[in-house]
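In terms of the working numbering, the sequence shown opens at residue 402 and continues consecutively. Each remark here refers to the structure printed beneath this line.
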Amino acid sequence: MVCGMPRPDLPRGPCGYRGVGACQWRAVGFCGMGWSAEQTEAVTQGGPGGPGTESAGAQTEAAGAGTEDREGPRPPVALSPSRAGDFMQCPLLYRFRVIDRLPEKPSAAATRGTVVHAVLERLFDAPAAERTAAGARAMVPDEWEKLLAKRPELAGLFADDSADDPAHDTAGERLATWLAEAEALVERWFALEDPTRLEPADRELYVETVLESGLRLRGFIDRVDVAPTGEVRIVDYKTGKAPRPQFAEGALFQMKFYALVMWRLRGVVPRRLQLVYLGSGDVVTYDPGEADLRGVERKLQALWEAIQRATATGDWRPRPTKLCGWCDHQAHCPEFGGTPPVYPLEVRPADGAVVPQGRMGEI
């Protein structure tokens, strides 16, 4: 059952629809991720460069950017919402993540998002009547232990580095607080959706398609609902707060990307795109059309061509913004007095020109 569809026999869900704001990238034809100097918590914590309210799939991808070949550098071969956002935010960040694959420190916020996503995915394994808030909260410590077993380095997030200072919380206290915050996010979801009335068609769905141009698109979708009528709803969970209306278009970029991929894969335009913001208790929806998605396809193609040019020339310029404060790569960034690693790919400057390495201007 898909709430909010135009059917009189179905109750309308708490969609929390908000109008779409102006595109931050209209000057060059990119709808983009809406990165600008002024960021909301949902954007700074949920997108590239921030410490983490992305979907679990996006976080996994960020941890292993360029996973096609871990043994050596290679040109990028596909585009995802997260990596598209990286390039629009800062081309040099894209290079560090996709080509150089520089390591990044885990963050408590991103790790909490991974745990919350795992709980909301696993919850639907239980019969509908057993999908309770109390049961979901109880799953949080279990999912944390599973994640910790796979990534032992995450224990360092709560390491007690001030054991001699009684004014500071101990590692155990910090972990307990962090788990309680994750449990609160999980519980808030039950005020936004009723899992006893939902039977997702897919959860944490990996999707990939190749456009007619040859551009390969890929990503992970948190949840796909299909109504008895065949209408499709794509749902994404965010553990941050909903952005202000002027940034709504940026927040919907990821969802339109997924809608385009699903349309090309299945031949059906999703009826509804839905963002569930657990940090603020908002649900933002958007109903796309074919014209919408054709526009997204054109913009993604233009973005991919820009990435290919940068790959061929080695011209990956930094683009300083307030988000630089979140970046793990300041030691390698010229804006902070650092030096990027030696470019590992063959460089082919256009017309034999010397590759410039200045700043990236406003996109």
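Ideal Cβ placement from N, Cα and C applies to all residues, glycine included.
Annotation for M656: I635, D637, L674, L676, Y687 place their beta carbon closer than 7 Å to its own, counting only its chain and skipping 5 residues before and after.
D595 is positioned such that its CB atom lies no closer than 9 Å to that of A643. Distance from the CA of G738 to the CA of P719, rounded to the nearest whole angstrom, comes to 12 Å. If you check the CB distance, L548 and V587 do not come in under 9 Å.
DSSP places T714 within a helical segment (H, G or I) once states are collapsed to three. In this structure, DSSP gives E594 a state outside helix and strand, which the three-state scheme calls coil.
In the three-state reduction of the DSSP assignment, R672 falls in the coil class. The beta carbon of T740 is closer than 7 Å to those of H733 in its chain, skipping five residues each way along the sequence.
Residues of the same chain with a CB within less than 7 Å of the CB of T533, apart from the 5 flanking positions on each side, do not exist.
V662 counts as buried, since no fewer than 16 other beta carbons sit within 10 angstroms of its beta carbon. Our two residues, A628 and E544, have alpha carbons roughly 30 Å apart in a direct line. Rounded to the nearest whole angstrom, the C-alpha separation of R502 and Y495 is 9 Å.
Beyond the five residues adjoining it in sequence on each side, Y607 comes within less than 6 Å, by CB distance, of F621 in the same chain, given in chain order. Between the alpha carbons of L521 and V625 lies a distance of about 13 Å. Using a Cβ distance threshold of 9 Å, T512 and L576 do not count as a contacting pair.
In the three-state scheme derived from DSSP, where H, G and I count as helix and E and B as strand, E609 is classed as strand. Look at R624 here: in three-state DSSP terms it is strand. Cβ-Cβ separation between V633 and V669: approximately 6 Å, consistent with a contact (criterion under 8 Å).
Between the beta-carbon of R617 and that of V499 there is about 14 Å, and that puts the pair past the 8 Å contact cut. Beta-bridge annotation (DSSP): R604 is paired with R624. The Cβ atoms of R749 and A692 lie no closer than 9 Å to each other.
In the three-state reduction of the DSSP assignment, R720 falls in the coil class, being assigned neither a helical nor a strand state.
Bridge pairing for K639: Y678 [DSSP]. According to the DSSP secondary-structure assignment, D683 is paired through a beta bridge with Y678. Counting along the chain, the unbroken alpha helix (DSSP H) around V516 starts and ends at 509-523.
For R617, the pairing in a beta bridge is given by DSSP as V611.
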